[in-house]
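Contents: one structure, followed by commentary.
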Amino acid sequence: MSTFNIRQGALGLVIGLAGHGIAFLFGFLAGQLVEPSQGGGFEDIAAVALIFLGVEALLGVAAVIATVMLARRGKRDLGFGVLAGWLVGVIGVLVLLRA
Numbered sequence: 021m022s023t024f025n026i027r028q029g030a031l032g033l034v035i036g037l038a039g040h041g042i043a044f045l046f047g048f049l050a051g052q053l054v055e056p057s058q059g060g061g062f063e064d065i066a067a068v069a070l071i072f073l074g075v076e077a078l079l080g081v082a083a084v085i086a087t088v089m090l091a092r093r094g095k096r097d098l099g100f101g102v103l104a105g106w107l108v109g110v111i112g113v114l115v116l117l118r119a
């Protein structure tokens with residue numbers, strides 16, 4: 021059994037965290053593109069929330085799939101780094117939302 025490669029794990033961590041930046045970007049763009057109705061509706065906020073949470077869910081599924089595929093190919097360091105990066109990002113988002 022090989023030892024854990026810190027560089028590969030750190031690269032996976034950065035890749036996993038980078039996905040959250042993409043989710044924030046898409047949420048921001050949704051907020052800019054959608055305008056609330058005349059009655060003062062919350063369509064813009066709803067669009068931000070829906071897009072952000074949808075992208076986060078897709079990233080979570082992609083992180084799990086990538087982890088399994090990379091682990092099967094012998095690159096478990098990179099795979100577990102991706103999953104750990106996504107999980108750290110989710111925890112960070114939850115902490116930010118709670119504050």
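Quick note: the sequence shown uses this note's numbering, first residue 21, plus one each step. C-beta: ideal position from N, C-alpha, C; glycine also. These figures come from a predicted structure and were not determined experimentally.
Host alpha helix (DSSP H) of residue i (start-end)
i: GLN52; result: 26-53
i: PHE62; result: PHE62 -> no alpha helix (DSSP H), and no H or E assigned at all.
i: GLY94; result: Careful: GLY94 lies outside any alpha helix (DSSP H) and carries neither H nor E.
Cβ-based neighbour list, residue i, same chain, cut-off 8 Å, excluding 5 preceding and 5 following
i: SER22; result: none
i: ALA67; result: ALA50, GLY51, LEU53, VAL54
i: VAL113; result: HIS40, GLU76
Distance between beta carbons of residue j and residue i, contact taken as under 8 Å
i: HIS40; j: GLY109; result: 4 Å
i: GLY105; j: PHE72; result: With 8 Å as the limit, GLY105 and PHE72 do not qualify as a contact, their Cβ atoms being about 17 Å apart.
Nonlocal neighbours in the same chain, by C-beta distance under 7 Å from residue i, ignoring five residues either side
i: LEU37; result: GLY105, VAL108, GLY109
Contacts around residue i, its chain only, beta-carbon distance under 6 Å, and the 5 residues preceding and following it disregarded
i: ASP97; result: PHE24, ASN25, GLN28, GLY29
i: PRO56; result: GLU63, ASP64
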